[in-house]
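In what follows, a single structure is set out as structure tokens and then discussed.
2 protein chains.
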Amino acid sequence: MSHRPAAGGRSGDETREGASGVSALRDRIAARQPLGRSVKAALEALIESGALPPGARLNEVALAARLGVSRGPVREAARALEKDGLVTVILNRGAFVRTLGLEEAAQIYELNAVLFGHAAALLAERLSGRAGAPEAATLRETVARMDRAVEQGALEAFFADNALFHRQIVEFCGNQPLRAVYLEHTRKLLLLRRRSFDAAGNMRAANAEHHRLLASILAGAAEPARRHAEAHTRAGRARFLAAIAQGGAAAEPSDTPHEQAP
Amino acid sequence: MSHRPAAGGRSGDETREGASGVSALRDRIAARQPLGRSVKAALEALIESGALPPGARLNEVALAARLGVSRGPVREAARALEKDGLVTVILNRGAFVRTLGLEEAAQIYELNAVLFGHAAALLAERLSGRAGAPEAATLRETVARMDRAVEQGALEAFFADNALFHRQIVEFCGNQPLRAVYLEHTRKLLLLRRRSFDAAGNMRAANAEHHRLLASILAGAAEPARRHAEAHTRAGRARFLAAIAQGGAAAEPSDTPHEQAP
DNA sequence: CCCATGCAGGCTGTAAACAATAAACACCGC
DNA sequence: GCGGTGTTTATTGTTTACAGCCTGCATGGG
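Residue numbers (our numbering), protein chains in the order written: chain A, 1275 to 1536; chain B, 1275 to 1536.
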């Protein structure tokens, strides 16, 4: 089939090439998904990296030019980000990177505590009596890796496995909508705050909480697992708020020198 | 300001008018919001009314013509609906109205039970010691209206106030993200199942549960309120599953004569 | 010196054209 | 008759163009 001039994808027709850095998107990533999807990922990266700080406006034409696509996919991505809660769009004004207020962040932690707690309880029930289940082994491995990271003071590694541990629990609990909601809100927290809160000292405490939680889950004790999971999340909130209080780099919309929504 | 030819909005330039029924959208609704928003609402109405049954495909050009707008806003609305979980889009194939499987519906009920339970607990704490709070009065009124509806066998009225009661509780609990998630998933359940499950007999039972729940909340008893709210939601799930089991009109994707995704 | 008004520019909202994919159909060889 | 293949057609993905809105600045009046 398709004995057409082969077209060679769409890499050839872009004569006005490298306008700037992030480009080169069209050529590789567009492989098997709508462009809007790739653009959304690119925008998320820009937000995470701080290139688009909270309060900044997403200029459609500028971003389109920068990514080497037209405004359509950029618009689509912006609306998707709005649904994800990362930006807010105002009629005829455009999309702005949201600033996560302290109040809202605290509420998200509260929500996450309930969700994570229930996931832990569900998982404990699922694993009850099946200590040899593959999920159990996986969780044990993850915690073991975190132990090593703590010993070595490897912050990045700990962060990664910490996120993985939480993800695995909500994954294994079996409730898909719960998993989706939890991950969505966790990502919101991660993207919109500067992740400078978890000092090395807190790493030890957090890991100890992980051990207690995992023990309850593996013992099949649903309610203790729920309590430990909730307590762990609320402890995370406390760490976050404490870091903010002592002049942490986050939340307050006043320190963004960029244009921002009224 | 704005002493321009007054333009009269954008109602004048559409000479090729009434293509079909649902139209007339552009002229009125577009008042102060992007068209995509209005289109999304229109599509939701079409889904709820059954004009777009589960499994049906959303033809962009057809819908655009029918609503009297171009494909852009329709696309935007379709993507928004995907984020809401009402449709799934497949690359180069389009958007299809989702069919809510029994499994997933049950999981959503489970999630909602936890969320609603926590909302009730939070609200109980908030109202603890403040029996005269305006929220308390509002809730009492809603339940009173439901009492009357039950006596008169007014199903529609009961449904409306039932939804309102739940909405008020998550509203008053003070946690905005929790409220958003709960309402989103509740709407998903409402839109994707034929709401034929709640027979008149169940109405009485549900209302009794409302009374118990409200009593706990007003008494400031957080944990009992949580238990009642969870039980109420799970009872709703049981009613739903029972209705399905006895040949209810829902869920199974096999009975949709329309084209559907593979 | 301060404030309101008029004006210009940039940017978004919407529409319509263009390109490419995927499904459906008809045709051909076996 | 049947499976495979080439072609057609409808529909989506993307780009480009146009119209209106909002904002910022300059200008004139109080």
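Quick reminder that beta carbons are idealized off the backbone N, C-alpha and C, glycines included.
Quick one: what's got a C-beta closer than 6 Å to residue i's C-beta in the same chain, skipping five residues either side?
i         : result
A:HIS1502 : ARG1486, LEU1487, SER1490
A:ARG1419 : ASP1435
B:PHE1446 : LEU1397, GLU1409
B:ARG1508 : ALA1387
Please list, in chain order, all residues of the same chain as residue i whose beta carbon is under 7 Å from its beta carbon, the five residues on each side excluded.
i         : result
B:SER1344 : ALA1338
B:LEU1389 : LEU1452, VAL1455, TYR1456
B:GLY1245 : This structure cannot speak to residue 1245 of chain B, because chain B is shown only from 1275 to 1536.
B:ALA1398 : SER1490, ILE1491, GLY1494, ALA1495, ALA1496, ALA1499
A:HIS1459 : ILE1382, LEU1385, ASN1386
B:THR1412 : GLN1442
A:ALA1410 : LEU1401, LEU1492
B:ILE1321 : LEU1360, VAL1371, LEU1465
B:ALA1431 : ALA1423
A:GLY1403 : GLY1494
So residue i packs on residue j, CB below 8 Å; how close in whole Å?
i         : j         : result
B:PRO1451 : A:LEU1385 : 5 Å
A:VAL1313 : A:PRO1347 : 5 Å
B:GLU1504 : B:ALA1387 : 5 Å
B:VAL1417 : B:PHE1439 : 7 Å
B:LEU1466 : B:LEU1374 : 4 Å
B:LYS1357 : A:LYS1357 : 4 Å
A:ALA1352 : A:VAL1363 : 7 Å
Closer than 8 Å by C-beta to residue i: which residues in its own chain qualify, once you throw out the five before and the five after it? Chain order, please.
i         : result
B:SER1323 : none
B:ASP1421 : ASN1481
A:ALA1380 : ARG1511, LEU1515
A:ASN1333 : GLY1368
Please classify residue i: is it buried, with 16 or more other beta-carbons within 10 angstroms of its beta-carbon, or exposed?
i         : result
B:ALA1511 : A small fix is needed here, since residue 1511 of chain B is Arg in this sequence, not Ala. Buried, by the Cβ-count rule.
B:LEU1464 : exposed
A:LEU1492 : buried
B:LEU1365 : exposed
A:ARG1478 : exposed
B:ASN1436 : buried
A:GLU1350 : buried
A:GLY1310 : buried
B:GLY1391 : buried
A:PRO1328 : buried
B:GLU1378 : buried
A:ALA1319 : exposed
A:VAL1335 : exposed
A:GLU1330 : In the sequence as displayed, the identity of residue 1330 of chain A is Ala instead of Glu. The residue is buried, with at least 16 neighbouring Cβ atoms inside 10 Å.
A:ALA1405 : exposed
B:ALA1394 : buried
A:ALA1516 : exposed
Residues in the stretch 1330 to 1361 of chain A with C-beta within 7 Å of chain B's C-beta atoms, listed in sequence order?
GLU1350, ARG1353, ALA1354, LYS1357
Check each residue of the stretch 1359 to 1392 of chain B: if its Cβ is closer than 8 Å to any Cβ of chain A, include it; give the result in chain order.
Hits within the stretch, in order: LEU1365, GLU1378, GLN1381, ILE1382, GLU1384, LEU1385, VAL1388, LEU1389, HIS1392.
Could you give the uninterrupted runs of the beta strand (DSSP E) lying entirely in the stretch 1338 to 1383 of chain B, keeping only those of 3 residues or more?
1361 to 1364, 1368 to 1371
If the cut-off is 7 Å on Cβ atoms, which residues from the stretch 1441 to 1452 of chain A count as contacting chain B, listed in chain order?
ASN1449, GLN1450, PRO1451, LEU1452
If you measure beta-carbon to beta-carbon, which residues of the stretch 1487 to 1499 of chain B are closer than 7 Å to chain A?
Residues of the stretch 1487 to 1499 of chain B that bring their beta carbon within less than 7 Å of a beta carbon in chain A are absent altogether.
Entirely within the stretch 1385 to 1455 of chain A and at least 4 residues each: give me those alpha helix (DSSP H) ranges in chain order.
1408 to 1426, 1429 to 1446
Enumerated in chain order, which unbroken segments of the alpha helix (DSSP H) with a length of 4 residues or greater are wholly contained in the stretch 1473 to 1511 of chain A?
1474 to 1492
If contact means a Cβ-Cβ distance below 7 Å, which residues of the stretch 1451 to 1466 of chain A contact chain B?
PRO1451, LEU1452, VAL1455, HIS1459
May I ask you to list, following chain order, the residues of the stretch 1303 to 1323 of chain B that have a beta carbon less than 8 Å from some beta carbon of chain A?
ARG1306, GLN1307, PRO1308, GLY1310
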